[in-house]
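Worksheet: one structure, shown below.
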Amino acid sequence: MGDIRASDLEHSPIGGREITVLVTGFGPFLPSSPPNPSHQITSLLPPTLPSTSTTSSPNPSHPIRLYTHPHPLKVAYHATYAQLPTLLSQHTPDLVLHVGLAAGRSYYAIERSSARSGYGRNRDVEGRRFEPAESDAAWPPDVFPARLDTTLPFEECYLRWVRGCRDVGVRVGRAPEKDVFDLRPSDDVGSFLCGFIYWNSLAWFWERGRREKEKEKERESESEAKKGEAGEVSAAKSEGESEGEDANIESGACARGEGRPLSEDPTLSEGRSLVDTTTPPPKETNATTSTTFSSTDEEADRPVIFLHVPHCPTEDDVRRGKAVTECLIRAMVDTWVKGREDRAGRAGRR
1 MGDIRASDLE
11 HSPIGGREIT
21 VLVTGFGPFL
31 PSSPPNPSHQ
41 ITSLLPPTLP
51 STSTTSSPNP
61 SHPIRLYTHP
71 HPLKVAYHAT
81 YAQLPTLLSQ
91 HTPDLVLHVG
101 LAAGRSYYAI
111 ERSSARSGYG
121 RNRDVEGRRF
131 EPAESDAAWP
141 PDVFPARLDT
151 TLPFEECYLR
161 WVRGCRDVGV
171 RVGRAPEKDV
181 FDLRPSDDVG
191 SFLCGFIYWN
201 SLAWFWERGR
211 REKEKEKERE
221 SESEAKKGEA
231 GEVSAAKSEG
241 ESEGEDANIE
251 SGACARGEGR
261 PLSEDPTLSE
271 GRSLVDTTTP
281 PPKETNATTS
291 TTFSSTDEEA
301 DRPVIFLHVP
311 HCPTEDDVRR
321 GKAVTECLIR
331 AMVDTWVKGR
341 EDRAGRAGRR
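Using the UniProt record's numbering, read the sequence shown as starting at 1 and increasing by one per residue.
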């Protein structure tokens, strides 16, 4: 089976097909720490979810397949750096949700972006940091941007999340009551493992889009070169056939005593050819008219979200956290599907 191109994924028909989501949670911050609620929550997620899509698609129901990592990810930079690309390549998910604990917060928050560097400040469970030189080697600053955002429309995703929670009976608000959930948008994922894993996934999708863009340019160049070669061969063939026909005509005329021999033709003495051998230049093409969606038109997909969860000291807290997370996954899928539909509509109008 060949490699899956980013542009192929962006243009593949959705219809009512299954949407896949990779979900991860973390282990304890320290060996002596209690279980991390992010893994407690994700471990309760079912393998599939029904969608609650309200998009304009003729078949808006998209079953959701969850690839929930069965084990908590180690709160360690180098283990995460080594493991995450394997998970992404293995599952090739449509979307990714990373869940982690925000120990100092009492609310749930989805994060907008993460930074390329800054992970040398705090030691992980192995007592190690991800030093600036390591960040520069992994994601060269002359290639990768300093910060990457999710390409899911963030505000839309947040509003769908809140609405979805209310639709299933989850009380949402800022009131400090036991059964009221505080759901917020945020752009402060931090510089520990939460920010690190978020950056890793965003950068993985960004790099995939960048490489696909380069491959598209190579394919376009090769296509134009082949067109030029074909035009030269065709012109040369036409020239040979025309010269042969002219020679036969002139020879026949001379045999009958008509006209002049070729050596006396003024067009030759003036250095002009009987046949115009000028090959017209190939038509200029615009890369944005490609039938595959190119990252030159819009940003390549980075359909990743990070969810920060608060402490969940009781089993009821964990179960309610599961409900909130399921609503977020549906919101992500619905937002992503709508974006794909909008993109397909724009491509169809070109």
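No residue lacks a Cβ here, since even glycine has one placed at the ideal position from N, Cα and C. The structure displayed is predicted, hence computed values, not measured ones.
Look at the Cβ atom of residue i, then the Cβ atom of residue j, and state whether they are nearer than 8 Å.
i: D94; j: P303; result: yes
i: F26; j: S38; result: yes
i: P132; j: E155; result: no
i: A331; j: W199; result: no
i: D149; j: R112; result: yes
i: I305; j: L152; result: yes
i: V333; j: V21; result: yes
i: E18; j: P63; result: yes
i: V23; j: H71; result: no
i: L97; j: I329; result: yes
i: P28; j: N36; result: yes
i: V180; j: C327; result: no
i: S114; j: V189; result: yes
i: Y81; j: A146; result: no
To which residues of the same chain is residue i closer than 8 Å at the C-beta, ignoring the five residues directly before and after it?
i: A76; result: D124, V125, E126, R128 and L193
i: A79; result: L73 and E126
i: R166; result: V172
i: S61; result: G16, P50, S51 and S53
i: residue 378; result: Because the chain is modelled from 1 through 350, residue 378 falls outside the range shown and cannot be assessed.
Residues in the same chain with beta-carbon distance under 6 Å from residue i, minus the five sequence neighbours each way, listed in chain order, please.
i: P182; result: As written in the sequence, residue 182 is Asp, which differs from the Pro given in the question. Once the five neighbours on either side are set aside, the close Cβ partners of D182 are Y107 and R174.
i: R321; result: In the sequence under discussion, the amino acid at residue 321 is Gly, which differs from the Arg named in the question. Here the set comprises I41, V309 and C312.
i: G195; result: S114 and V189
With DSSP collapsed to three states, give me the class of residue i.
i: Y77; result: helix
i: H91; result: helix
i: A175; result: coil
i: A115; result: strand
i: F154; result: helix
i: G104; result: coil
i: H39; result: helix
i: R121; result: coil
i: G209; result: helix
i: W139; result: coil
i: G127; result: coil
i: V168; result: coil
i: T86; result: helix
i: S263; result: Confidence is the limiting factor: at S263 the pLDDT is only 38, short of 50, which leaves the residue's position unreliable and the question unanswerable from this model.
i: L193; result: helix
Run through the DSSP bridge pairs and tell me what residue i is partnered with.
i: A109; result: R184 and H308
i: T48; result: R65
i: T24; result: H98
i: D149; result: S113
i: I19; result: I64
For residue i, which residues from the same chain have a beta carbon less than 7 Å from its beta carbon, with the 5 sequence-adjacent residues on both sides left out?
i: residue 352; result: What is shown of the chain runs 1 to 350, which leaves residue 352 out entirely.
i: P280; result: Caution applies to P280, whose pLDDT of 39 falls short of 50 and renders its modelled position unreliable; the model cannot decide the point.
i: S135; result: R116, S117 and Y119
- Touch test, the segment 198-218 against the segment 109-123, Cβ-Cβ under 8 Å, three pairs minimum: Yes, the segment 198-218 touches the segment 109-123.
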